[in-house]
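So that you can map any letter, position 663 of the sequence shown is 663 in this note's numbering, and since no number is skipped, the others follow by simple counting.
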Amino acid sequence: MFATGDVLGSYRVLAHLRSGGMADLYLARREGAAGFKRLVAIKVVHPRHAEDEHLVRMFLDEALLSARIDHPNVVHVEDLGQLDETYFLVMEYVHGCSLAQLMRVLGKMKRRLSPLVAVAIAARVAEGLHAAHETTDDGGELVSLVHRDVSPQNILLSHKGHVKLIDFGVAKARLRSEETNVAMLKGKVRYMPPEQATTGLVDRRSDVYSLGIVLWEMLTMRRLFAGKTEFEILLKVRDPKIEPPSRYVSEISKELDEVVLAALAPDADDGVNVGHLSGRLERDDEAGWRLAGADASEIAVRYREREGARRSPLRDRLADAAAILRGALGETPARLDDEAGAIEELVDTESDRHDDPSSDETRSRGARSDEARPSRPRVARTEESVSAEDGDAESDESVPGDRAADAESDSEPGDEPAGLAALIDLIRPRLAVGALIRLEGISVVASGDRDRRVLRELEAELEVLPGGRYRLEGSGRPGRGGRLGWNLTVDPGALRAEGDLDFQRLPFVLLVPFLPRLPWHEAEDTRVSGELSIHGEGASRIHLEGQVSIDDLALSSPRIAPNPVERIALSIQGSADWVPLDRRLEIESAELGLGQARVNLTGALEWPADHYRVDVRATLPPTDCDLAVGAIPADLLAELSGFTFTGRMGGQLLLRVDSRDLGATRLRVHVANGCVFDTAPAIADVRRFEAPFIHRVVEPDGGAFEMETGPGTLEWTPITRISPYFIQAVLGHEDAGFYQHSGFSVSSIERALVRNLEAGRYVYGASTITMQLVKNVFLHREKTLARKVQEVLLTWWIESIMEKDQILELYLNVIEYGPRVYGIRAAAMHYFGRIPAELGPAESAYLATILPNPKAFHEHWEEGMIPERHRRRVERFVNTLEARDRFSQSDASSARADLPELRFHRPGDPLPARREQDDSMAEDAALEETQRF
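Structure, rendered in structure tokens:
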């Protein structure tokens with residue numbers, strides 16, 4: 001495999017795009033004289049196939065056949081090269097997405113493709129096929145070229161509006177030097193004509209039939225041939241029963257029905273050639289077609305604007321594909337993942353969409369049950385050798401993206417997967433040394449409501465070695481260009497194993513049954529790659545070394561975020577020792593990657609039956625702040641993903657927890673913060689707090705409370721007009737280190753961690769005043785991981801942009817003190833009939849103690865008295881304030897003396913007598929008294 005920067009002739013590799021069953025695909029740049037540069041796609045034969053003459057000839061045939069086709073609707077082959085023993089094919093780089101991806105987006109959005117766009121795309125493909133069918137040899141004779149794999153996965157849509165047919169890897173032609181195995185069905189089963197699925201015989205009419213299926217599915221957004229298994233689909237393909245598209249979409253005209261059904265005519269004599277089909281697809285308004293629908297009308301207007309008063313034939317070219325596809329989608333979604341994104345999103349990724357025949361674009365990203373444990377894989381031998389994509393066997397007729405993929409397992413957690421059980425059964429008998437057992441043609445299927453093949457072409461070899469040892473070697477093809485291989489030597493008696501594992505783009509769903517029960521989301525679309533080296537020293541210790549990466553990981557749970565958290569990229573590389581008898585993992589050194597950020601790890605994790613122990617040290621080396629924050633999945637940040645930074649940051653975390661001695665828990669965090677906020681999203685704009693603003697609170701019952709507050713309003717009290725007793729009481733009760741920390745209190749987090757672990761549940765928080773403020777003025781009430789992440793980022797932001805007194809002033813003026821009682825001004829009047837400046841030591845101490853749960857403690861006011869139990873709590877708090885020099889001795893004595901006589905103010909009661917204050921406070925109080933009345 002080539003790396004970024006490697007040079008193949010005049011081409012420089014920029015990125016590895018994907019791996020297929022026969023070749024790797026790269027994005028590269030052609031570099032020539034005078035600064036000439038051009039992006040291309042390069043297909044390179046796998047090194048393991050370089051000596052396979054049959055596969056190499058197939059690869060060369062593809063290049064030679066494709067190079068003969070010169071048409072704007074066929075991907076152009078630019079070059080065929082050789083580096084040492086490796087052949088590579090240079091192709092036109094198409095910047096866009098496949099038709100399959102577009103249809104998947106529409107399916108997820110419950111929308112259909114505009115008939116006009118569907119006809120336009122089919123017309124362009126028909127033109128490309130016609131050019132391929134008319135391809136001649138050097139003597140001018142037809143080469144009888146047949147694509148054999150016309151499907152949505154092999155139709156590309158570029159961001160410039162071009163439609164391109166790709167992948168002649170399984171094409172049939174007279175000039176082909178190597179014919180593929182006649183026992184193999186070439187192409188995707190659901191897009192085959194009956195004769196191809198029955199006898200394997202094809203001619204140019206086969207491509208017409210396949211294109212007819214594609215057009216039928218574009219118009220109806222349904223599968224023409226659906227089934228739970230490939231065999232069931234094959235039976236339907238061989239005995240087709242085809243309804244006109246108008247049965248499912250009433251707007252489709254009779255004339256368009258006739259075009260589709262002519263392409264799908266079961267009798268070959270009644271079929272049409274691709275040139276005929278192309279011509280019929282070019283029929284304009286004079287033919288009387290009525291392509292109804294709002295999106296079709298919008299696109300028709302675009303054509304008229306482009307071509308003049310009369311719409312010209314679609315043959316000229318597609319007008320502005322981005323605009324057309326926006327019309328088909330209704331609107332461009334704000335955020336879509338790379339696998340199923342709309343055209344504009346896919347174009348921005350700079351990723352090629354050349355599909356390998358082994359890709360499995362037809363797999364759906366169905367909305368699987370988030371909490372359901374995915375089914376265990378099972379092993380099945382395929383009934384027929386069919387070259388088809390993962391996901392060809394599907395349980396309903398909808399286009400991928402519009403169906404569920406729930407797969408509940410009936411297996412118990414301890415059940416062995418069938419493949420492993422079979423392997424163990426083979427090992428246990430006493431076989432003679434040198435005995436060799438080989439398994440071939442195995443598929444692994446994730447079974448559930450709908451079977452899904454996740455691993456194909458599995459081959460395994462077992463050899464009996466001297467000394468009771470066994471050699472296990474094998475390989476498989478996960479699809480999407482992935483691979484799986486292993487070579488292990490095991491000694492069951494000594495519980496020892498050593499060898500290597502190599503897996504690329506392995507379906508994550510294969511591993512889920514053996515992982516902790518987490519809310520994995522659409523695990524069938526997650527891929528795992530890596531290389532592991534295993535060296536066993538008996539049952540005492542197993543040494544692991546290598547790297548593993550996980551792409552497109554997704555989680556979905558209401559405890560994590562309101563919406564699924566997708567596009568998570570994780571990686572880990574390093575070495576560790578696993579001690580199975582102690583269930584301990586000792587991490588020698590490891591690098592954990594999240595996004596583009598990297599963290600170095602050392603330490604140990606231990607979880608035997610009677611206890612658990614964590615002793616880890618994590619170090620973030622100096623990292624660009626944008627990369628560090630960008631490592632957080634965008635779905636967790638939501639509206640806050642607009643923050644940008646300059647500068648770098650680093651840090652270190654030490655965590656030691658032992659369930660046998662939780663009192664010895666240690667948490668140490670050191671951060672070297674050189675980050676400067678560069679830009680902030682509108683939701684985080686703090687300038688609105690400098691003037692009157694509306695403070696809106698959504699109550700737990702769903703009701704809303706609003707009040708106008710801010711400088712200059714009646715509900716606002718500057719910090720200089722708030723009793724110093726109250727300020728000290730709040731700081732002492734809520735955040736003693738407020739003026740020392742930068743928004744986070746590590747010591748409080750450590751105490752909360754110990755208390756929560758001891759209780760076995762959440763009983764104690766560690767929020768600072770700044771964190772509480774963020775929750776009150778920026779965030780909603782839901783308790784999710786996403787909100788906690790957003791809270792941390794906003795706290796960091798607030799601490800960097802506001803002075804401490806500003807933060808405290810805003811906090812005291814917006815937090816809740818009771819049902820519909822928000823802000824210190826309302827609270828002082830509601831509870832004691834006073835303005836904030838007049839609050840004494842006892843009143844201040846009481847108000848501070850109700851802040852953790854103001855609604856519950858409001859019953860004191862409702863009952864007209866402070867219960868004795870709570871009165872004692874306030875008294876203990878006063879003693880603490882005195883001990884920590886927040887209250888003087890005389891202030892504390894006054895508070896203790898006043899507590900027994902503390903009375904609440906009721907509506908209609910006369911206001912209590914004014915208290916003496918210093919001159920400035922008295923002047924402010926007089927002004928507030930005037931404003932009040």
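Using N, Cα and C, we set each Cβ at its ideal position, and we do this for glycine too.
Counted as a single uninterrupted DSSP element, the beta strand (DSSP E) harbouring N673 occupies residues R666 to N673.
Leaving aside the five residues that flank E758 on each side, the residues in its chain whose CB is nearer than 8 Å to its CB run, in chain order, L662. Within its own chain, the residues whose Cβ lies closer than 6 Å to the Cβ of R438, once the five positions on either side in sequence are excluded, are E461, listed in chain order. Non-local beta-carbon contacts of G9 in its own chain, meaning distances under 6 Å to residues more than five positions away in sequence, involve G81 in chain order.
T136 is not a Cβ neighbour of I69, given a cutoff of 8 Å.
Secondary structure of S890 (DSSP, three-state): helix. A check of alpha carbon separations from Q101 across L902, P507, G212 and I155 identifies I155 as the nearest. Under the three-state reduction of DSSP, Y248 is assigned to coil, being neither helix nor strand.
Looking at the DSSP output, H535 bridges to E498 and H543. Distance from the CA atom of R12 to the CA atom of A3, rounded to whole angstroms, is 10 Å. In the assembly as shown, H830 is a buried residue. Its beta-carbon has 16 or more other beta-carbons within 10 Å. The C-alpha of D24 is placed about 8 Å away from the C-alpha of H16.
A residue is called buried when at least 16 other Cβ atoms come within 10 angstroms of its Cβ; R781 does not meet this threshold and is exposed.
A direct Cα-to-Cα measurement between L655 and K775 gives close to 27 Å. Linking L472 to N487 through their CA atoms gives a straight-line distance of about 6 Å. The secondary-structure analysis by DSSP pairs C97 across a beta bridge with L157. L902 and F778 have their C-alpha atoms some 35 Å from each other. In this structure, L264 sits near I242, with a CB-CB distance shorter than 8 Å. Distance check between Q806 and each of H860, R914 and G710 places G710 closest, using alpha-carbon atoms only. Approximately 15 Å separates the beta-carbon atoms of G482 and R452; this is outside 8 Å, ruling out the contact.
The DSSP-derived three-state label of N879 is helix. In this chain, the alpha helix (DSSP H) harbouring W796 covers L785 to I801. Closest option to V669, judged by alpha-carbon separation, among S443, V616, R787 and S723: V616.
The DSSP-derived three-state label of P621 is strand. If the five residues before and after E750 are omitted, its C-beta is found closer than 7 Å to the C-beta atoms of T665 and L667, all from its own chain and listed in chain order. Residues T709, E715, N813 and V814 of the same chain have their beta carbon placed closer than 7 Å to that of G823, with the five preceding and five following residues left out of the count.
Contact check for F645 and V629: beta-carbon distance about 7 Å, within the 8 Å limit, so the pair qualifies. With a threshold of 16 other beta carbon atoms within 10 Å, E255 falls short and is exposed. Following the DSSP letters along the chain, one finds D635 in no beta strand (DSSP E) but inside the alpha helix (DSSP H) bounded by residues A634 to L637. In this chain, the alpha helix (DSSP H) harbouring V214 covers R204 to T220. Per the C-alpha coordinates, the member of G35, G737 and P622 positioned closest to Q652 is P622. For T644, the uninterrupted beta strand (DSSP E) segment begins and ends at T644 to T646. With respect to the 8 Å criterion, L165 and V125 are classified as neighbours on the basis of their beta carbons. A distance below 8 Å separates the beta carbons of F887 and V878.
Residue environment analysis places M771 among the buried positions, since at least 16 neighbouring C-beta atoms fall within 10 angstroms of its C-beta. Under the 10 Å beta carbon count, A34 is surrounded by fewer than 16 other beta carbons and is classified as exposed.
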